[in-house]
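All remarks here apply to the structure that follows.
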Amino acid sequence: MPSIVKPLVTHPSLVRNNLGLTIRDYEGSMSTLCAGCGHDSITAAIIRALWELSTPPHMLAKLSGIGCSSKTPTYFVGGAHGFNSAHGRMPAIATGANAANRQLTYLGVSGDGDSLSIGIGHLCHAIRRNLNMLYVIENNGVYGLTKGQFSASSDVGSKSKKGEANKMAPIDPIQLALTLGATFVARSFSGDKAQLVPILKAGLAHRGFAIVDVISPCVTFNDHEGSTKSYKHTRGKHHVATESDFVPFANEIVGEIGPVGATTIQMHDGSSLRFTKVPEGYDVTDRMAAIDYLRTHQGEVVTGVLFAEEGVPEMHEMNNTPAEPLATLPFSKLCPGSSALEALMADFR
Amino acid sequence: MPSRINDFAIKLANVNGTGSASANGLIMQAIFRMGVPVSGKNLFPSNIQGLPTWYEIRVNPKGYTARALDYDLIVAMNAQTYKRDVAEVRDGGFLLYDSSWPLDDELIRDDIHYIGIPLARMCNEAFAAPRERILMKNIATAGALIELLNIDAAVVEQLLEEKYGKKKAMRESNKKALKLGADFIKNNFTYPLEFHLKTMHANDDKILIDGNTATALGCVYGGATVAAWYPITPATSVMDGFKEFCEQYRKDPETGVNNFAILQAEDELAAIGMVIGASWNGARAFTSTAGPGVSLMNELLGLAYYAEIPAVVVDVQRVGPSTGMPTRTQQADLLECAYASHGDTKHILLIPANPNECFHFAPKCFDLAERFQTPVFLMSDLDIGMNDWVTPKFTWDDAYTPDRGKVLTADQLEKIKKFNRYLPEEGTSIAARTLPGVHEKGAFFTRGSGHNKFGGYTEIPDEYAEVMDRLLKKHKEAAGWVPAPIIERRLNEQGESAKVGMITIGGCDPAVREALDILADMGRPMDFMRIRAFPFHADVEEFLASHDYCYVVEQNRDGQLCSMLMLETPVAKDKIRPILIYSGFPLSAKHVIDAVTAQLEELNAIYR
Ligand SMILES: Cc1ncc(C[n+]2csc(CCOP(=O)(O)OP(=O)(O)O)c2C)c(N)n1
Ligand code: SF4
Ligand SMILES: [Mg+2]
Chain A
722 MPSIVKPLVT HPSLVRNNLG LTIRDYEGSM STLCAGCGHD SITAAIIRAL
772 WELSTPPHML AKLSGIGCSS KTPTYFVGGA HGFNSAHGRM PAIATGANAA
822 NRQLTYLGVS GDGDSLSIGI GHLCHAIRRN LNMLYVIENN GVYGLTKGQF
872 SASSDVGSKS KKGEANKMAP IDPIQLALTL GATFVARSFS GDKAQLVPIL
922 KAGLAHRGFA IVDVISPCVT FNDHEGSTKS YKHTRGKHHV ATESDFVPFA
972 NEIVGEIGPV GATTIQMHDG SSLRFTKVPE GYDVTDRMAA IDYLRTHQGE
1022 VVTGVLFAEE GVPEMHEMNN TPAEPLATLP FSKLCPGSSA LEALMADFR
Chain B
7 MPSRINDFAI KLANVNGTGS ASANGLIMQA IFRMGVPVSG KNLFPSNIQG
57 LPTWYEIRVN PKGYTARALD YDLIVAMNAQ TYKRDVAEVR DGGFLLYDSS
107 WPLDDELIRD DIHYIGIPLA RMCNEAFAAP RERILMKNIA TAGALIELLN
157 IDAAVVEQLL EEKYGKKKAM RESNKKALKL GADFIKNNFT YPLEFHLKTM
207 HANDDKILID GNTATALGCV YGGATVAAWY PITPATSVMD GFKEFCEQYR
257 KDPETGVNNF AILQAEDELA AIGMVIGASW NGARAFTSTA GPGVSLMNEL
307 LGLAYYAEIP AVVVDVQRVG PSTGMPTRTQ QADLLECAYA SHGDTKHILL
357 IPANPNECFH FAPKCFDLAE RFQTPVFLMS DLDIGMNDWV TPKFTWDDAY
407 TPDRGKVLTA DQLEKIKKFN RYLPEEGTSI AARTLPGVHE KGAFFTRGSG
457 HNKFGGYTEI PDEYAEVMDR LLKKHKEAAG WVPAPIIERR LNEQGESAKV
507 GMITIGGCDP AVREALDILA DMGRPMDFMR IRAFPFHADV EEFLASHDYC
557 YVVEQNRDGQ LCSMLMLETP VAKDKIRPIL IYSGFPLSAK HVIDAVTAQL
607 EELNAIYR
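Residue numbers (the numbering used here), protein chains in the order written: chain A, 722 to 1070; chain B, 7 to 614.
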């Protein structure tokens, strides 16, 4: 009689999360990006982060603009609602979506062209609203989908595939976010999944606007000698400033956040972000310190969670909206009815 | 001179920013309360302080309250525009001016009467604070008008009481100023003038309200919860009103939370993006804007059209192109809105003519947007939106339930095998949609890129065309759901309708009706049709077919409604005769009659 022998080692694709789902359940359709594109590595990290967090797929709203990067929401969590919107407009659409239903998890994916040129205004204002979402910029220094034009994140002197050098100063999304008051700011590299996954998890757990700039080389248009967004250059200049673990639902007592040198940040949902390494004198809750640190490390790819602040009111708190989604409030709560109208008419006599 | 009781027009010329608005409003409201049909048109500049501004009031016992172009009395309080104002007084009419300074000789006409009141001098003597002296000049003028026009002083007193109830000092200043003006008239002139007011009861079931306030109220009643906007004249007061009504009606009585969200966007691109995002999530959401905003919204309107997401846009039209004249009125965004965005797109437009329709069309916009899963425009304009109109009291049917269109519930999703976003049931043109967070089976990928009926990405010609053809079918179907045109036939003794029609839209309504009555008296009867929506209702085509030709009265240079009629109905081009009045002020019957007369003369010359 045949017997089923339980394998000693469970295949990773069969491990189940708190919802009983395997990592395969967080995949989407097959990627159509170029083989080796950094964006695909980020997709893999997003899949892992959401699976580990046990985010219910149908409670995830994944939004994007237009670009190779913005195509990627198709490639993860097929069971989530997706919105591939228009070039640069994703933050605006995410704002409206979030206003209507605050109970979903919002994950926006954008490119450096999408976020730093055509959509920079919307990005800035989503930050100001402290919109509760994770906003990932897949930063390759070029417009991939339109075939290799410089983007606003190209460094001075970085060369195009044809050998032309960029002359204009770059816009650094991280410095931009820090100065605008973003409440969770991190950078990572598509080639460092071990660093990226916990950052994405912390960004998703953060209440407010979490921006993660991920250097994500474009193998087709910006991975050559002379490019400052190539795999080689990024690896060479990669400077891990902070290291942190994301600890879900901390069951240990965590220390208060001290005024200087914060080591643990308590997230509103009970999870925490525990820093295992911060540079001497660096305080992740000190915005100006983060800006200074970036200035003194110019030319390097500074990564890690660089700034985090929990407890700043997000858009719904500023607007004093109810806990349940505005979209599902019963009509009886919304329409004042005929007798109220009749009474109101006296005001217009 | 025949009796001119309750039948005259006055114009008040002021300097912007001197507080004339509240005095003008006081007179207008007092006349309204006296039960007399009245209209007030604010002709104001794009400026905060210093430029000329006019306010026109017309009363008419039969209810013709479109703009008059003939003024019985002009109150000239702005030296910058004296010359123009003096010239506009009708023969035998009156000019009221501030006689603190003498009038230049060139301002003297011997065919009109002058009423000089030393307003500045009197107010300087009576009031101490410089700002008060300026403000009270307007109120003293109102006091003079009370006597000259026989406005019911008790009504005015009551209005001041309501307005300044607790602010005793303000109330007393106002009373004092009113008395200054009134006493001066009593002591120096014969009053009232030959044209003046007498209490009527025409307004018992009416209110005095502007269209933007009405639209805002309609959005509250329609159940809108998310509003996104960027400030722009003349649409701003829609959002001001929405906020005020939400504060009044949408604060949860138990928890104090706001059952609404108003998002002041960074620009109109964001405003429409927010509306689309919120509607995608199942909220009733809208934005209010004017032409320049719609220009910016074009890209995303195409996305909403193609991805089939509801969106409501209130367009309070102003004069274009470009910045144009922001404080003047026009109906020049019809084409922009009907076909907004690149590629083949067609949108639903509802076109109200007055605040009452603004109120009732607003919920209708949400119903249509959700039923047809598409953008819907409420095409108001500055004249309707910002002027106070006398309109029947609004009523609400508590049996109303919002039409949310085809949205699958969790239970329905549970039962189906596979959800296909753009696959409607056999023989229908609208496919069910799903909302995020409801059920895993409802998940799909919304995209503005080419998609097939299953919702998947496509570049295959037939698959693309299949979806586009259905969108067109869906748009045509909307013609059966939009408000039908208002048609009034002028039957002759044989019971036949007129051979010629006159078609119009929006706020042109009262001027066109008045013109048609006058034309009928002149022996030129015409049938009336006011179009209230696009796609055109079947009755529109029928009206066109049943008349030899039709005049089309609209407020734009290019005959945008004419173009749409020629494009979207089988009407022959030579059956359409445009009457285009587009210089930015509200329409008068005189404009229409002059245009018809000119065209008739032209025809007579040709066929002589
Ligand atoms: C309004 C508009 N303008 C231009 C384009 C063309 N376009 C598509 S993607 C893109 C640039 C994308 O660059 P980025 O956001 O960096 O994405 P990547 O492809 O590099 O991941 C441009 C300009 C567009 N889709 N819409
Ligand atoms: S062009 Fe560049 S960014 Fe686009 S898929 Fe290819 S490698 Fe990735
Ligand atoms: Mg790019």
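Beta carbons: idealized from backbone N, C-alpha and C, even for Gly.
- Query: Excluding five sequence neighbours on each side, which residues of the same chain lie with their C-beta closer than 8 Å to the C-beta of A/M1104?
  - Reply: Examination of residue 1104 of chain A is not possible in this model, given that chain A is present from 722 through 1070 alone.
- Query: Measuring CA to CA, which of A/P1057, A/G912, A/R737 and A/M780 is closest to A/E859?
  - Reply: Taking the first residue of the first sequence as position 1, residue 859 of chain A is located at position 138. When only C-alpha atoms are compared, the closest one is A/G912.
- Length of the line joining the Cα atoms of B/A416 and B/V300: Residue numbering aside, residue 416 of chain B sits at position 410 when the second sequence is read from its first letter. Residue numbering aside, residue 300 of chain B sits at position 294 when the second sequence is read from its first letter. Between B/A416 and B/V300, the C-alpha separation is close to 36 Å.
- Message: Is there a C-beta anywhere in chain B that falls below 9 Å from the one on A/V981?
- Response: If you number the first sequence from 1, residue 981 of chain A lands on position 260. Annotation note: pLDDT 38 at A/V981 (below 50); position unreliable, no value reported.
- Task: Quick one: give me the first and last residue of the beta strand (DSSP E) that B/L32 is part of.
- Result: If you number the second sequence from 1, residue 32 of chain B lands on position 26. Residue range S26 to R39 is occupied by the alpha helix (DSSP H) that includes B/L32, with no beta strand (DSSP E) assigned at that position.
- Opening and closing residue of the beta strand (DSSP E) in which B/M508 lies: What you label residue 508 of chain B is simply residue 502 of the second sequence in a count that begins at 1. Note, B/M508: beta strand (DSSP E), V506 to I511.
- Item | B/G507 classed as buried or exposed, judged by whether at least 16 other C-beta atoms fall within 10 angstroms | For this step, residue 507 of chain B is matched to residue 501 along the second sequence. Buried is the call here.
- Task: Jot down the residue ranges of each uninterrupted alpha helix (DSSP H) in the segment 824-852 of chain A, minimum 4 residues, whole runs only, in chain order.
- Result: The qualifying runs are 841-849.
- Query: Do B/F190 and B/M142 have their C-beta atoms closer together than 9 Å?
  - Reply: Taking the second sequence and counting its residues from 1, one reaches residue 190 of chain B at position 184. Taking the second sequence and counting its residues from 1, one reaches residue 142 of chain B at position 136. Cβ atoms of B/F190 and B/M142: not closer than 9 Å.
- Runs of alpha helix (DSSP H) wholly within the segment 465-553 of chain B (minimum 4 residues, chain order): Runs of the alpha helix (DSSP H) inside the segment 465-553 of chain B: 467-484, 515-527 and 544-551.
- Task: Look at B/I80 and B/I63 and say whether their C-beta atoms are less than 9 Å apart.
- Result: Stepping through the second sequence from its first residue, residue 80 of chain B is reached at position 74. Stepping through the second sequence from its first residue, residue 63 of chain B is reached at position 57. No, the pair does not count as a contact, with Cβ atoms beyond the cut-off.
- Task: Assign B/K212 to one of three DSSP states: helix, strand, or coil.
- Result: Sequence index remark: in the second sequence, residue 212 of chain B carries index 206 (1-based). Correct three-state label for B/K212: strand.
- Task: Figure out for me which residue from B/V95, B/N84, B/R96 and B/I585 has the closest Cα to the Cα of B/A126.
- Result: Along the second sequence, one-based indexing puts residue 126 of chain B at 120. Ranking the options by Cα distance to B/A126, first place goes to B/N84.
- Query: How would you write the range of the alpha helix (DSSP H) that A/I1012 sits in, first residue to last?
  - Reply: Position 291 of the first sequence holds residue 1012 of chain A. Start and end: R1008 to T1017.
- Item | Close Cβ partners of B/P58 (< 6 Å) along its chain, the five nearest in sequence each way excluded | Numbered from its first residue, the second sequence carries residue 58 of chain B at position 52. N84, Q86 and T87, listed in sequence order.
- Per-residue DSSP class, three states only, for A/M722: Taking the first sequence and counting its residues from 1, the one referred to as residue 722 of chain A is at position 1. Because A/M722 sits at a pLDDT of 40, beneath the cut-off of 50, its placement in the model cannot be relied upon, and the point is left open.
- Task: Report all residues from its chain with a CB closer than 7 Å to the CB of A/I920; omit the five preceding and five following residues, and keep chain order.
- Result: Locating residue 920 of chain A in the first sequence gives position 199, where the first residue counts as 1. Taken in chain order, the residues that qualify are A907, S909, V933 and V1026.
- Message: Nearer than 8 Å: is that true of the beta carbon of B/S52 relative to any heavy atom of ligand 5?
- Response: Of the ligands this structure carries, namely ligand 1, ligand 2 and ligand 3, none is ligand 5.
- Item | Contact set between the segment 435-450 of chain B and chain A, restricted to residues whose Cβ is under 9 Å from the partner | Of all residues in the segment 435-450 of chain B, T440, L441, P442, G443, V444, H445, E446, K447, G448, A449 and F450 have a Cβ within less than 9 Å of some Cβ in chain A.
- Task: Please classify B/H207: does DSSP put it in a helix, a strand, or coil?
- Result: Translated into positions along the second sequence, residue 207 of chain B becomes position 201. Note: B/H207 maps to coil in three-state DSSP.
- Could you tell me whether the Cβ of A/H960 comes closer than 9 Å to any Cβ of chain B? Counting from 1 along the first sequence, the entry for residue 960 of chain A is found at position 239. A/H960 does not count as touching chain B.
- Item | Given A/V1023 as reference, the closest of A/H959, A/A765, A/N822 and A/G757 once Cα atoms are compared | By one-based count along the first sequence, residue 1023 of chain A stands at place 302. Of the candidates A/H959, A/A765, A/N822 and A/G757, the one whose C-alpha sits nearest the C-alpha of A/V1023 is A/H959.
- Does A/M1066 have its Cβ less than 9 Å from a Cβ in chain B? For this step, residue 1066 of chain A is matched to residue 345 along the first sequence. Output row for A/M1066: interface = yes.
- Item | Cα-Cα separation, A/E977 to A/I986 | Locating residue 977 of chain A in the first sequence gives position 256, where the first residue counts as 1. Locating residue 986 of chain A in the first sequence gives position 265, where the first residue counts as 1. At A/E977, the pLDDT of 48 sits below 50, so the modelled position is not reliable; the number obtained from the coordinates is stated separately. Distance between the alpha carbons of A/E977 and A/I986 is about 8 Å.
- Message: Please confirm whether A/S874 has its beta-carbon closer than 9 Å to some beta-carbon of chain B.
- Response: Translated into the one-based positions of the first sequence, residue 874 of chain A becomes position 153. Answer no: the Cβ-Cβ gap between A/S874 and chain B never drops below 9 Å.
- Query: What residues come near ligand 2, if near means a beta carbon less than 5 Å from any of its heavy atoms?
  - Reply: Those residues that bring their Cβ nearer than 5 Å to a heavy atom of ligand 2 are A/L754, A/C755, A/C758, A/C789, A/G865, A/C939, A/V940 and A/T941.
- Continuous alpha helix (DSSP H) stretch holding A/N805: start and end: By one-based count along the first sequence, residue 805 of chain A stands at place 84. Taken as a continuous stretch (DSSP letters only), A/N805 belongs to no alpha helix (DSSP H), being part of the beta strand (DSSP E) at H802 to N805.
- Query: Are the CB atoms of B/G411 and B/I436 nearer to each other than 9 Å?
  - Reply: Against the second sequence, residue 411 of chain B aligns to sequence position 405. Against the second sequence, residue 436 of chain B aligns to sequence position 430. Yes.
- Query: Is B/R256 close to chain D, meaning its C-beta is less than 9 Å from at least one C-beta of that chain?
  - Reply: Going by chain labels, chain D is absent from the structure shown, which instead holds the protein chains A and B.
- Query: My guess is that B/I282 and B/A310 are in contact by the Cβ rule of under 8 Å, so how many angstroms apart are they, rounded?
  - Reply: Position 276 of the second sequence, counting from 1, holds the residue named residue 282 of chain B. Position 304 of the second sequence, counting from 1, holds the residue named residue 310 of chain B. B/A310 and B/I282 do touch by the CB rule: their CB atoms are close to 5 Å apart, below 8 Å.
- Counting contacts by CB-CB distance shorter than 9 Å, is A/A821 in contact with chain B? Within the first sequence, residue 821 of chain A is the residue found at index 100, counting from 1. It does; some Cβ of chain B falls within 9 Å.
- Between B/P531 and A/F804, what straight-line distance do the alpha-carbon atoms span, to the nearest angstrom? By 1-based counting over the second sequence, the position of residue 531 of chain B is 525. By 1-based counting over the first sequence, the position of residue 804 of chain A is 83. About 56 Å.
- For B/M303, does the count of other Cβ atoms within 10 angstroms reach 16, so buried, or fall short, so exposed? Position 297 of the second sequence, counting from 1, holds the residue named residue 303 of chain B. Buried: at least 16 other Cβ atoms inside 10 Å.
- In three-state terms, what does DSSP make of B/I626? Missing from the structure shown is residue 626 of chain B; chain B here goes from 7 to 614 and no further.
- Message: Quick test of the definition: if touching needs 3 or more C-beta pairs under 8 Å, does the segment 368-375 of chain B touch the segment 214-230 of chain B?
- Response: The segment 368-375 of chain B is in contact with the segment 214-230 of chain B.
- Item | Residue(s) in a DSSP beta bridge with B/Q323 | Locating residue 323 of chain B in the second sequence gives position 317, where the first residue counts as 1. Per DSSP, B/D387.
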